[in-house]
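Top to bottom, those sequences are chains A and B.
Numbering-wise (the numbering used here), the first sequence opens with residue 1 and increments by one.
Numbering-wise (the numbering used here), the second sequence opens with residue 1 and increments by one.
See below for the structure under consideration.
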Amino acid sequence: MQFCSFRLLKSVLAALLTGALAGCVGAPQSAALLASWEQQTLPLQSPILLDNVPFFPQDEYQCGPAALATLLGADGVAITPEELVDQVYVPARQGSLQIEMLATPRRLGRLSYPLLPELQQVLDEVASGRPVLVMQNLGLERFPQWHYAVVVGHDLAREELTLRSGLIRDYRVSMRVFERTWSRAGRWAFVAVTPGDMPVSANVQSYFQALTAFQGAASAADSQSAYDAGLARWPDSLELAMGQANLVYDGGDPLRTRDLYLDIVARHPQSAAAHNNLAQVLLETGDLGLAEDHARRAVALGGNFSQVYAETLQSILADAAQQ
Amino acid sequence: MKIFSKMSKGIATLLMVLFSFMSVQAPVMAAMVTTEQLAYEQHTETQRDALRDFFSRDDVVAQLADRGVDVNAAQDRVGSLTAAEVATLHQQIDELPAGEGLGVVIGIIVIFMLLDIAGVTDIFPGI
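What follows is the structure in structure tokens.
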């Protein structure tokens, strides 16, 4: 059986070989970052090391469970790789699935937030005190050796990252070598966040996607905290506002849902979906006149969900006819 | 010969996906637009933007020009793709090989995007 740390040594050789053949082409993001690191924000100009991030030496299952235990442990979830093996390791695929790696933190009350495929984001997250779980291909394109590790430090002046990786607690790797192995794995990286906290590199679309996925496994209270943090950060986001209103609706509070949607349509009058959902709630709270107004507005605005809007209007008119 | 079989395999896959979408009626939804639906809609638009970026790439524009395809026509078509078509096309582009493989995939994409189903089966009678 091959061990992650042994594969690490081979990966360095493989990456150096491909790097030597490809010149600097293989690590464009590193090249750009290192060329201008002195112009980076202050936190990135100094070396960072998150030494308190736990370490779980493991060399099996592509180090997936170990990396996950590391990431979660850093955010206050006490769990061992052994407890995670069954959740992330699928024997038929001989390794951890990325989807399972994202799903498992959710079951443990943490929001999995995938980063954009940019090394800058990895550095920014670590600089803010948050370790980043990354996927690497330590082998070659045609003969991949998948591997998961956690970035816990960087030093731009030395052009190095520090990883919890396999059997090595503080694996210092050249940023360019890292980028090549990371690139060959699709530049995949994510952080695990306590609901209510906000990753420093987050953007509103990615956060909404992550939250929607989180909701499926999370408690209503945790989802609410995540929405609160999202709306504090992006108060004008229509999707986050509607997501929160829908959460309140699913919790069985139509009056509060109505108030939330009244505010949403006032701020986003062009949103057909918001008008529709308001109409539906007004139907349930017995305000048929206003419900019909908003349902008609939704139908007039149209869009991807026009079938839903037509059905809402039908329900309202049917109710009105009976009165 | 190899390229042709690779192309026709790609075409066959795309056709199968297309036909499967055509035969499924969109279910009439409950009266609220759900958060999942909003997320799916946003996800589709993110992928659509990625397709627009793809068709702005120099190498892709060159490949399209080789096939006599106007890049503006391709961009217009991206705007009118359904969510399912966006997802399928985006997956093709995501799995893009480098170098000479690009030409083969572009060929598949062009046929998929710019011709009717009837037109495609005329060109590949073996399917």
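Idealized CB from N, CA, C, for every residue including glycine.
Mind checking whether residue i and residue j have CB atoms under 8 Å apart?
i, j, result
"Ala229(A)", "Phe214(A)", "no"
"Ala298(A)", "His275(A)", "yes"
"Glu311(A)", "Ala31(B)", "yes"
"Pro47(A)", "Leu167(A)", "no"
"Leu49(A)", "Thr181(A)", "no"
"Leu133(A)", "Ala189(A)", "yes"
"Ala218(A)", "Pro195(A)", "yes"
"Gln87(A)", "Tyr148(A)", "no"
"Gln63(B)", "Ile108(B)", "no"
"Ala185(A)", "Gln136(A)", "yes"
"Arg164(A)", "Val152(A)", "yes"
"Gln42(B)", "Gln205(A)", "yes"
I need the DSSP call for residue i, collapsed to helix, strand or coil.
i, result
"Phe190(A)", "strand"
"Val25(A)", "With a pLDDT of 45 at Val25(A), under the threshold of 50, the modelled position of this residue cannot be trusted, and the question is left open."
"Leu133(A)", "strand"
"Arg267(A)", "helix"
"Thr41(A)", "coil"
"Ala26(B)", "Unreliable positioning characterises Ala26(B) in this predicted model, as indicated by a pLDDT of 45, which lies under 50. The coordinate reading is nonetheless provided below. If DSSP states are grouped into helix, strand and coil, Ala26(B) belongs with coil."
"Gly79(B)", "helix"
"Trp386(A)", "Because chain A is modelled from 1 through 323, residue 386(A) falls outside the range shown and cannot be assessed."
"Thr162(A)", "strand"
"Gly139(A)", "coil"
"Ile93(B)", "helix"
"Arg169(A)", "strand"
"Ile48(A)", "strand"
"Leu123(A)", "helix"
"Val177(A)", "helix"
"Pro114(A)", "strand"
"Ala185(A)", "coil"
"Asp66(B)", "helix"
"Pro54(A)", "coil"
"Asp151(B)", "Not covered by the structure: residue 151(B). The range shown for chain B is 1 to 127."
"Ala31(A)", "helix"
Looking only at its chain, what residues have a beta carbon closer than 6 Å to the beta carbon of residue i, apart from the 5 residues adjacent to it on each side?
i, result
"Val265(A)", "Ala274, His275, Leu278"
"Ala245(A)", "Thr257, Leu260, Tyr261"
"Ala74(A)", "Val53, Pro131"
"Asp170(A)", "Thr162"
"Pro114(A)", "Phe190"
"Val150(A)", "Ala67, Thr70, Leu71, Pro131, Leu133, Arg164"
Give me, in chain order, the residues of the same chain whose beta-carbon lies closer than 7 Å to that of residue i; leave out the 5 immediate sequence neighbours on both sides.
i, result
"Pro105(A)", "Leu72, Ser112, Ala192"
"Leu119(A)", "Gln29, Ser30, Leu33, Glu179"
"Val308(A)", "Asn276"
"Leu290(A)", "Leu282"
Only counting the same chain, and skipping five residues up and downstream in sequence, which positions put a Cβ closer than 8 Å to that of residue i?
i, result
"Leu211(A)", "Leu111, Ser223, Ala226, Tyr227, Gly230, Leu240, Gly243"
"Ala87(B)", "Thr44, Gln47"
"Gly251(A)", "Ala220"
Using the Cβ count rule (16 or more neighbours within 10 Å means buried), how would you classify residue i?
i, result
"Glu83(A)", "exposed"
"Gln45(A)", "exposed"
"Arg67(B)", "exposed"
"Ala65(B)", "exposed"
"Ala78(A)", "exposed"
"Pro325(A)", "Nothing in the structure corresponds to residue 325(A), since chain A is present only between 1 and 323."
"Glu38(A)", "exposed"
"Ile99(A)", "exposed"
"Pro199(A)", "buried"
"Thr70(A)", "buried"
"Leu102(A)", "buried"
"Ala295(A)", "buried"
"Ile123(B)", "Legend: pLDDT at Ile123(B) = 40, less than 50; position of this residue unreliable, no value from coordinates given."
For residue i, decide whether its Cβ has a neighbour in chain D, counting only Cβ atoms nearer than 8 Å.
i, result
"Ala65(B)", "No chain D appears in the structure shown, which is made up of the protein chains A and B."
- Item | chain A contacts made by the stretch 33-63 of chain B, where a contact means CB separation under 8 Å | Val33, Thr34, Thr35, Glu36, Gln37, Leu38, Ala39, Glu41, Gln42, His43, Thr46
- Query: Mind listing which residues of the stretch 208-230 of chain A have their C-beta closer than 9 Å to chain B's C-betas, in chain order?
  - Reply: Phe208, Gln209, Leu211, Thr212, Ala213, Gln215, Gly216
- Message: Output needed in chain order: residues of the stretch 76-97 of chain B with a Cβ under 7 Å from some Cβ in chain A.
- Response: none
- Taking only beta carbons into account, state which residues of the stretch 294-317 of chain A come closer than 8 Å to chain B, listed in chain order. Asn304, Phe305, Gln307, Val308, Glu311, Thr312, Ser315
- Message: Closer than 7 Å between beta carbons: that is the criterion. Which residues of the stretch 255-280 of chain A meet it against chain B?
- Response: Ala273, Asn276, Asn277, Gln280
- Determine which residues of the stretch 104-120 of chain A have a Cβ less than 9 Å from any Cβ of chain B, and write them out in chain order. none
- Could you run through the stretch 237-255 of chain A and flag, in chain order, every residue whose CB is less than 8 Å away from some CB of chain B? Glu239, Met242, Gly243, Asn246, Leu247, Tyr249
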